[in-house]
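A.B. asks: Protein chains in written order, with the working numbering: chain A, 1 to 164; chain B, 1001 to 1164. Glycine included, every Cβ here is placed at the ideal spot set by N, Cα and C. These numbers were taken from a predicted model, which means no experiment stands behind them.
There are 2 protein chains.
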Amino acid sequence: MKNHGGNLFTTALLVILAFSQTNAQTRRETGKDTGAIFPKGQRAPTTTFTGTVWVQPLIEADSAFNIPVGYVTFEPGARSHWHSHAGGQVLLAMGGLGYYQERGKPIQILRKGDAVKCPPNVPHWHGASPTVEFMQVAITPNTVKGRVTWMQPVTDIEYNSLRK
Amino acid sequence: MKNHGGNLFTTALLVILAFSQTNAQTRRETGKDTGAIFPKGQRAPTTTFTGTVWVQPLIEADSAFNIPVGYVTFEPGARSHWHSHAGGQVLLAMGGLGYYQERGKPIQILRKGDAVKCPPNVPHWHGASPTVEFMQVAITPNTVKGRVTWMQPVTDIEYNSLRK
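Following this line, the structure appears as structure tokens:
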């Protein structure tokens, strides 16, 4: 009979654990629960990114009002190539653990809620940490001056420079 | 002895419920868990908003790169006055249920993940629905042309026009 109590207890725990698990999985797969605000979008071009990166356009530029906004998901280890924006860029860290580096400066860690202002024409890159993904909103104003100038990939030595 | 099993079951459920409750409350109060990306900030001025509105600046404008970004929380029923931006504005709906209206058009409902491009010089207002709060990121580019021109408050008749 004591066993009976233990069984009930175990069953209750298992049911609750299974429920939490299913919920978290649904959230990850559909992005329709409170866990994700924007959909993951499509794969970013491998010509300008290293690793697996997803981009969901939120605002498309048009001739009257040039301010493309996109939601970007970097899988662990993934990052952009070095690049610059003639009109600058703003990044909002939405979740995970990100890296951001401007040429000649150390890598800066980005956590949920951080905001970065990348000045016009300053070469920089951004991406996920080696073990945790990173989600950001990227705002690229003043695109009449040019949207982005792509440069060389971020080498593994550059990417791993934080951990030395 | 059967009671013993029931007690264990009830205790397990109570412990789990209490834990969930505490977690949710911590999230609400500190904004440090997965529930909130940005802090709520400070009360917005009552001269340009109706009801209770909170603003957290994320990016401050400077002379080199004029693109203020802010996180705004509208409590239920709260809304901005009518206003326009000489450089336009982008809104990203982060949660809750929002209203957005451009002069001469019907109210548009905003849900988590929606993005709105408000063209330069178009009078508009935004806020929460009457019963559910609304959280948004507001991006105001091209502020060299002027950041915002405030107009009259949104009347209750205008605010309630959706439900007619």
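To the nearest angstrom, how far is it from the Cα of B/Q1152 to the Cα of B/S1080?
C.D. replies: Spanning the two alpha carbons is a distance of roughly 10 Å.
A.B. asks: Quick one: what does DSSP say B/V1137 is sitting in, helix, strand or coil?
C.D. replies: B/V1137: strand per DSSP, three-state reduction.
A.B. asks: Are the beta-carbon atoms of A/L97 and A/A128 separated by less than 8 Å?
C.D. replies: Yes, the pair counts as a contact, with Cβ atoms nearer than the cut-off.
A.B. asks: Run down chain B in chain order and give the residues with a C-beta less than 7 Å from the C-beta of A/F38.
C.D. replies: Result: G1113.
A.B. asks: In terms of residues, what are the limits of the beta strand (DSSP E) holding B/I1157?
C.D. replies: First-last for B/I1157: D1156 to Y1159, but that is the alpha helix (DSSP H), not the beta strand (DSSP E).
A.B. asks: Scan the region 1080-1094 of chain B for residues whose Cβ lies nearer than 7 Å to a Cβ of chain D and list them as they occur along the chain.
C.D. replies: Looking for chain D here will not work: the only protein chains present are A and B.
A.B. asks: What does the alpha-carbon distance come out to for the pair A/T50 and A/N121?
C.D. replies: Going from the Cα of A/T50 to the Cα of A/N121 covers about 22 Å.
A.B. asks: Under 6 Å Cβ to Cβ from A/G95, same chain only, skipping five residues before and after it: list those, please.
C.D. replies: So the qualifying residues of the chain are K112 and M135.
A.B. asks: Going residue by residue through the region 1050-1111 of chain B, where are the continuous beta strand (DSSP E) segments of at least 3 residues, counting only ones entirely within it?
C.D. replies: Listed in chain order, they are 1053-1059, 1069-1074, 1089-1102 and 1108-1111.
A.B. asks: Do A/A86 and A/G146 have their beta-carbon atoms positioned less than 8 Å apart in this structure?
C.D. replies: Their beta carbons are under 8 Å apart, which means A/G146 touches A/A86 by this criterion.
A.B. asks: Would you give the residue range spanned by the beta strand (DSSP E) that B/G1127 belongs to?
C.D. replies: It spans H1124 to A1128 - the beta strand (DSSP E) in which B/G1127 sits, taken as one unbroken run.
A.B. asks: Work out the CA separation of B/V1132 and B/D1033 for me, nearest whole Å.
C.D. replies: Unreliable positioning characterises B/D1033 in this predicted model, as indicated by a pLDDT of 45, which lies under 50. The coordinate reading is nonetheless provided below. B/D1033 and B/V1132: Cα-Cα distance of roughly 21 Å.
A.B. asks: If I measure Cβ to Cβ from A/D62 and keep anything under 7 Å in the same chain, skipping five residues before and after, which residues do I get?
C.D. replies: None.
A.B. asks: What does B/A1064 reach in chain A if we use C-beta pairs closer than 7 Å?
C.D. replies: Within 7 Å Cβ-Cβ: P119.
A.B. asks: On the criterion of 16 or more Cβ atoms from any shown chain inside 10 Å, does B/V1154 qualify as buried, or is it exposed?
C.D. replies: Flag for B/V1154 reads buried.
A.B. asks: So if I threshold CB-CB distances at 8 Å, which residues from the region 1141-1152 of chain B count as touching chain A?
C.D. replies: Listed by position, the residues of the region 1141-1152 of chain B near chain A (Cβ gap below 8 Å) are P1141 and N1142.
A.B. asks: Looking at chain B, is there any beta carbon in it that lies within less than 8 Å of the beta carbon of A/L97?
C.D. replies: A/L97 does not count as touching chain B.
A.B. asks: Tell me the DSSP bridge mates of B/R1043?
C.D. replies: According to DSSP, which records beta bridges pairwise, B/R1043 is partnered with B/W1054.
A.B. asks: I need the straight-line Cα distance from B/P1039 to A/V116, nearest angstrom please.
C.D. replies: About 16 Å.
A.B. asks: Taking Cβ-Cβ distances below 7 Å as the criterion, which residues of the region 40-64 of chain A are in contact with chain B?
C.D. replies: Those residues of the region 40-64 of chain A that come within reach of chain B (Cβ to Cβ, closer than 7 Å) are L58, I59 and A64.
A.B. asks: Excluding the 5 residues flanking A/I107 on each side, which residues of the same chain have their C-beta closer than 8 Å to its C-beta?
C.D. replies: Cβ within range, chain order: Y99, Y100, Q101, S161 and L162.
A.B. asks: Can you tell me which of the three DSSP states A/T143 falls into?
C.D. replies: The answer is helix: DSSP assigns A/T143 an H, G or I state.
A.B. asks: Can you pull the chain B neighbours of A/V69, defined as C-beta to C-beta under 8 Å?
C.D. replies: Residues of chain B passing the Cβ test: V1090, L1092, A1115 and I1139.
A.B. asks: Using the beta-carbon count (16 or more within 10 Å), is A/D156 buried or exposed?
C.D. replies: Burial call: exposed.
A.B. asks: Could you please give me the residues that DSSP links to B/T1149 through a beta bridge?
C.D. replies: Bridge partners of B/T1149: B/S1084.
A.B. asks: Just tell me which of B/Q1089, B/N1066 and B/T1052 has its CA closest to the CA of B/P1076.
C.D. replies: Nearest option by C-alpha distance: B/T1052.
A.B. asks: Using the beta-carbon count (16 or more within 10 Å), is B/G1175 buried or exposed?
C.D. replies: Since the first residue shown for chain B is 1001 and the last is 1164, residue 1175 of chain B is missing from the structure and cannot be characterised.
A.B. asks: Would you tell me roughly how many angstroms separate the C-alpha atoms of A/T46 and A/T140, rounded to the nearest one?
C.D. replies: Distance between the alpha carbons of A/T46 and A/T140: 20 Å.
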